[in-house]
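A.B. asks: The structure under discussion is supplied below as structure tokens; questions concerning it will follow.
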Amino acid sequence: MNTRIIMTTVSALAASAALGGQSFAQTLDYQMMSELFGEPVTAGATGAPQRASDVPATMIIITQDDIQRFPEYDIPGIIRHFGGMDVTRYAFGDGQTNIRGAAIGYTPRLLVLVNGREVYIDTYGYTAWSSLPVRLDEIQQIEVVKGPQSALYGFNAVGGVVNIITRNPAQQDYLVARVNYGGDEYTEASMVGGRSFGDDFAVRFSYGNTEADEFTPFASNTYAAELSGDRYRRETGALQARYRFSDKVNISAETTFTDGFWAENTSVYYATSSLYELASYKVDLEADSDFGFWTLSAYRNETDVGPAFGPLSAELTAYRAQNLFKIGTDNTIRLSVEYREGDAGSFPQPGNGGFGYETTAFSAMWNRRISSNVDLTLAGRFDSMDWSRDGDPNPMFFAFTADDYSVSYEEFSYNAALVWRPESGGAVRFSAAQGVQAPTMFDVGFTLPVDIGGGFMVGVSGNPSIEPAIINNYEIAYDRTLSNGVEFRGAVFLESTSDVKGVFGMAPDLLPPSAPVPTYLFDNRGDTETMGVELTLSGGSDDGFDWDANYTFKAVEDDMQPFGVNTALDFEGATPSHIFNGHVGWTSGRFTADGYVNYVSSIDMPLQPVFGPITSVPVEGYTAFSFRGGWDVNEHVGFSLNAQNVNFGDGEVTNTHHEHESRVWVGLTVRQ
């Protein structure tokens, strides 16, 4: 693979003539820049364009060429092969993903973007990966930035950021049609394309539909078994237009939709099947001026989700202005201001008053090239968040009034990195960061009365008194190309989270007379700390072979409220201590062959098969083998044979939701 795992610093490329005015992430000519510099180019680490070997963060860049070599049908499947990534496949379409930590249900620590637009579900701050309105064939590259990035991206970027960038039709025409067919009634048909009309106007589109049988439910998960007849279904579409007013001013507009139905695991480890209907609208205006490169962005996300416990509807509207400029030759500055507004009706039970929040944020990034061997990058962000509710929750079940929801949060986050390139070779990076995980709509405004039998009622409620979680991360990283051409990357990190936001356990948090009925709250549940090591080696040969291997070790220590009693969270038990991934590939003319191995050590995973009882179930470590063979008949037609987790057969226990099955399919691709 041509994938780069990067741990270095900010480059003067941000001001070079090679990039000219193309300083905005979605208008960079990634293909041309990659060919020019012999490595990928990214704006994902700081907002300023950089060569992959010069970014001030531990990053993974996965190119379109890499994507085509994986026997995977979605992005979590691809990401699982890289160091520091935790992916748990709870169901066919629910591959929850985290960076350097347990991939729990509704993982709320990872910010995911498509062309700079936030696509996580605002109600709980999680990413429903199957809801992403993007097809693998239209992706230019996937950028993964590890560690807290709140100073650059805002709330929820506390574990890291995944930025998915689609191909730019203004730079190259393309048209790709794909059909996949495999066992367990798996079918996928998609078409993606882009075309420029003259020098100033270009259009990108995509459409796809996927269906498949669901995995076999975990034996002890009774509710998952009740849902076993449900089939996975996903339909997505996107349309984007770009117009160039002049050599220095561009505008783009995009709309997307997703319509789907799939099984998933919730934050309380309770199985559900959910209907998703999502739409988005986005506009970007870019201008290269004498006072820097300006970007004005606005987007709106409309979300309707129908899980088993009740319908959720929410809207998010965001506006952002950013200026990227140079002072002299050694200082790169990025200034931005952002406003966002999130609104939701009363959920899951109607009639308890709609609620929402407003956030205003100011951020700045400064990169200073101190010398040819030392770079310094500093970034800071201030967020002010105000919540409100327009009606009182039902006083028969809930303890809070509308006035209780008039709460505000003001938080500061930062990122800092110092990179030193010693004369002996390689690069060493010292970095520190503080991230902020703000309360979500679930955390603050959730309202649901539950009949637990015999007419006895309890309440499940958000908590307007909940505090943001604060994440601190410290890292030392080293990378070097060895004398035999093998690339080595290593990192040691320490990450701590205080005031972990978490769900309830079996014991109510409020009892009468403090509440009208026993009430379970979303609340701060304690602290957790993770120490880890990442090691990666990669290389290739002149006879068409390439290989890579990575190993991640994590040691987690929780200081939390009692598991099962007050919370369903158990990071110490649910985080695998050891993950190893390996890959060997071969290319010869129009033929490619790739083999993959993944090892994940044993864990203890929570299980809540019905509302109330929460237990911890031992899950043994497992090893998975996957293969892909490809043959391009010519430059327009290609076939592939994909075998994913071939040794899993009809089911391997990797979690407490569904057993992970092997899947085999053939693919036909037709390109313009």
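Just so you know, the sequence shown maps onto residues 31 to 702 in our numbering. Note that CB positions come from ideal geometry on N, CA and C, so glycine has one too.
#1: Would you call the segment 107 to 121 in contact with the segment 681 to 696, where contact means no fewer than 3 C-beta pairs closer than 8 Å?
#2: DSSP three-state label for residue 52, please.
#3: Please classify residue 514 as buried or exposed, where buried requires at least 16 other C-beta atoms within 10 Å of its C-beta.
#4: Quick check on residue 203: buried or exposed, where buried means 16 or more other Cβ atoms within 10 Å of its Cβ?
#5: Are residue 189 and residue 153 touching if we call contact CB-CB under 9 Å?
#6: At what residues does the beta strand (DSSP E) containing residue 706 begin and finish?
#7: Run through the segment 462 to 533 for me and flag every whole beta strand (DSSP E) of 3 or more residues, listed as ranges in chain order.
#8: Compare the Cα-Cα distances from residue 364 to each of 344, 633 and 395 and report the closest residue.
#9: What's the call for residue 329, buried or exposed, on a 16-neighbour Cβ count within 10 Å?
#10: Do residue 461 and residue 505 have their beta-carbon atoms positioned less than 9 Å apart in this structure?
#11: So, at 6 Å on beta carbons, what are the nonlocal neighbours of residue 710 in its own chain, with the 5 sequence-adjacent residues on each side left out?
#12: Please state if the CB of residue 598 and the CB of residue 644 are separated by a distance shorter than 9 Å.
#13: I need the straight-line Cα distance from residue 678 to residue 377, nearest angstrom please.
#14: Counting C-beta neighbours from all protein chains within 10 Å, is the total for residue 403 16 or more, i.e. buried, or is it exposed?
#15: With DSSP as the reference, label residue 256 as helix, strand or coil.
#16: Could you check the C-alpha separation between residue 424 and residue 155 for me, to the nearest Å?
#17: Relative to the alpha-carbon of residue 567, which residue among 94, 517 and 125 has its alpha-carbon at the smallest distance?
#18: Any idea what DSSP makes of residue 247, helix, strand or coil?
#19: Which ranges does the beta strand (DSSP E) cover as unbroken runs of at least 3 residues, wholly within the segment 423 to 450, from first to last along the chain?
#20: Grouping DSSP H, G and I as helix and E and B as strand, with all else coil, what is residue 161?
#21: In this structure, what does DSSP give as the bridge partners for residue 690?
#22: According to DSSP, is residue 227 helix, strand or coil?
#23: Which word fits residue 690, buried or exposed, when buried means at least 16 other C-beta atoms lie within 10 angstroms of its C-beta?
#24: What's the gap between the Cα of residue 501 and the Cα of residue 177?
#25: I think residue 314 touches residue 366, with their Cβ atoms under 8 Å apart; what is that distance to the nearest whole Å?
#26: Counting pairs of beta carbons, one from the segment 406 to 416 and one from the segment 380 to 395, are three or more of them closer than 8 Å?
#27: What are the uninterrupted segments assigned as beta strand (DSSP E) that are 3 or more residues long and contained completely in the segment 372 to 407, given in chain order?
#28: How many whole angstroms separate the CB atoms of residue 488 and residue 548, which I take to be in contact at a CB cut-off of 8 Å?
#29: Can you tell me where the alpha helix (DSSP H) holding residue 168 begins and where it ends?
#30: Report the rounded CA-to-CA distance for residue 419 versus residue 564, giving the unit in angstroms.
#31: Is the beta carbon of residue 105 closer than 9 Å to that of residue 194?
#32: Between residue 114 and residue 521, is the Cβ-Cβ spacing less than 9 Å?
#33: For the beta strand (DSSP E) containing residue 300, name the first residue and the last one.
#34: Using only alpha-carbon positions, find the residue among 331, 656, 222 and 337 that is nearest to residue 344.
#35: Just checking my contact of residue 251 with residue 301 at CB under 8 Å: how many whole Å lie between their CB atoms?
#36: Beta strand (DSSP E) containing residue 106: first to last residue?
C.D. replies: From the atom records:
#1: Taking 8 Å as the limit for Cβ pairs, the verdict is that the segment 681 to 696 does touch the segment 107 to 121.
#2: Numbered from its first residue, the sequence shown carries residue 52 at position 22. Legend: pLDDT at residue 52 = 34, less than 50; position of this residue unreliable, no value from coordinates given.
#3: As a working mapping, residue 514 is identified with position 484 in the sequence shown. Here residue 514 is exposed, its C-beta having fewer than 16 other C-beta atoms within 10 Å.
#4: The residue labelled residue 203 in the question sits at position 173 within the sequence shown. Of the residues assessed, residue 203 falls on the exposed side of the cut-off, its CB having fewer than 16 other CB atoms within 10 angstroms.
#5: One-based indexing of the sequence shown puts residue 189 at position 159. One-based indexing of the sequence shown puts residue 153 at position 123. No, the Cβ-Cβ distance between residue 189 and residue 153 is not below 9 Å.
#6: There is no way to answer for residue 706, as the model of the chain reaches only from 31 to 702.
#7: Fully contained in the segment 462 to 533 are the following beta strand (DSSP E) runs of length 3 or more, in chain order: 477 to 481, 487 to 491, 499 to 511 and 517 to 528.
#8: For the purposes of this step, residue 364 is identified with residue 334 of the sequence shown, where counting begins at 1. Nearest to residue 364 by alpha-carbon distance, out of 344, 633 and 395, is 395.
#9: By 1-based counting over the sequence shown, the position of residue 329 is 299. It is buried - the Cβ of residue 329 has at least 16 other Cβ atoms within 10 Å.
#10: In the sequence shown, residue 505 corresponds to position 475, counting from 1. In the sequence shown, residue 461 corresponds to position 431, counting from 1. Taking the C-beta atoms as reference points, residue 461 is found nearer than 9 Å to residue 505.
#11: Nothing can be reported for residue 710: it is not among the residues displayed for the chain, which extend from 31 to 702.
#12: Within the sequence shown, residue 644 is the residue found at index 614, counting from 1. Within the sequence shown, residue 598 is the residue found at index 568, counting from 1. Cβ distance < 9 Å, so residue 644 and residue 598 count as in contact.
#13: To locate residue 678, count along the sequence shown from 1; it is residue 648. To locate residue 377, count along the sequence shown from 1; it is residue 347. Rounded to the nearest whole angstrom, the C-alpha separation of residue 678 and residue 377 is 39 Å.
#14: As a first step, residue 403 is located in the sequence shown; it is residue number 373 there, counting from the start. By the neighbour-count criterion, in which 16 or more other beta carbons inside 10 Å mark a residue as buried, residue 403 falls on the exposed side.
#15: Within the sequence shown, numbered from 1, the residue matching residue 256 stands at position 226. Reduced to three states, the DSSP call for residue 256 is helix.
#16: Taking the sequence shown and counting its residues from 1, one reaches residue 424 at position 394. Taking the sequence shown and counting its residues from 1, one reaches residue 155 at position 125. Taking the straight line joining both Cα atoms gives about 26 Å.
#17: Indexing the sequence shown from 1 puts residue 567 at position 537. Minimum Cα distance to residue 567 is reached at 517.
#18: In the sequence shown, the residue the question calls residue 247 occupies position 217. Taken through DSSP and simplified to helix, strand or coil, residue 247 comes out as strand.
#19: As far as the segment 423 to 450 is concerned, its whole beta strand (DSSP E) runs of at least 3 residues are 438 to 450.
#20: Within the sequence shown, numbered from 1, the residue matching residue 161 stands at position 131. Residue state, collapsed to three classes: helix.
#21: Translated into positions along the sequence shown, residue 690 becomes position 660. Note: residue 690 sits in a beta bridge opposite 682.
#22: For this step, residue 227 is matched to residue 197 along the sequence shown. Looking at residue 227 - three-state DSSP - the assignment turns out to be strand.
#23: Looking up residue 690 in the sequence shown gives position 660. With 16 or more other Cβ atoms within 10 Å, it is buried.
#24: Indexing the sequence shown from 1 puts residue 501 at position 471. Indexing the sequence shown from 1 puts residue 177 at position 147. So the alpha carbons of these two residues sit roughly 9 Å apart.
#25: Mapped onto the sequence shown, residue 314 falls at position 284. Mapped onto the sequence shown, residue 366 falls at position 336. Contact between residue 314 and residue 366 is absent: CB atoms are separated by about 14 Å, not below the 8 Å threshold.
#26: The segment 406 to 416 is in contact with the segment 380 to 395.
#27: DSSP runs (the beta strand (DSSP E)) wholly in the segment 372 to 407: 385 to 399.
#28: The residue you call residue 488 lines up with position 458 of the sequence shown. The residue you call residue 548 lines up with position 518 of the sequence shown. The pair is a contact, with the Cβ atoms about 5 Å apart (cut-off 8 Å).
#29: Numbered from its first residue, the sequence shown carries residue 168 at position 138. Going by DSSP, residue 168 is part of no alpha helix (DSSP H) at all; its letter is neither H nor E.
#30: Locating residue 419 in the sequence shown gives position 389, where the first residue counts as 1. Locating residue 564 in the sequence shown gives position 534, where the first residue counts as 1. Approximately 45 Å, taken between the alpha carbons.
#31: Within the sequence shown, the letter at position 164 stands for residue 194. Within the sequence shown, the letter at position 75 stands for residue 105. In this structure, residue 194 sits near residue 105, with a CB-CB distance shorter than 9 Å.
#32: One-based indexing of the sequence shown puts residue 114 at position 84. One-based indexing of the sequence shown puts residue 521 at position 491. It is a contact, given that the beta carbons lie within the stated cut-off.
#33: Taking the sequence shown and counting its residues from 1, one reaches residue 300 at position 270. Here residue 300 belongs to no beta strand (DSSP E), and DSSP marks it neither H nor E.
#34: In the sequence shown, counting from the first residue as 1, residue 344 sits at position 314. Proximity to residue 344 across 331, 656, 222 and 337 peaks at 331, based on C-alpha coordinates.
#35: Taking the sequence shown and counting its residues from 1, the one referred to as residue 251 is at position 221. Taking the sequence shown and counting its residues from 1, the one referred to as residue 301 is at position 271. For a cut-off of 8 Å, the C-beta gap from residue 251 to residue 301 is around 6 Å, short enough to register as a contact.
#36: Indexing the sequence shown from 1 puts residue 106 at position 76. No beta strand (DSSP E) holds residue 106; the alpha helix (DSSP H) holding it covers 105 to 109.
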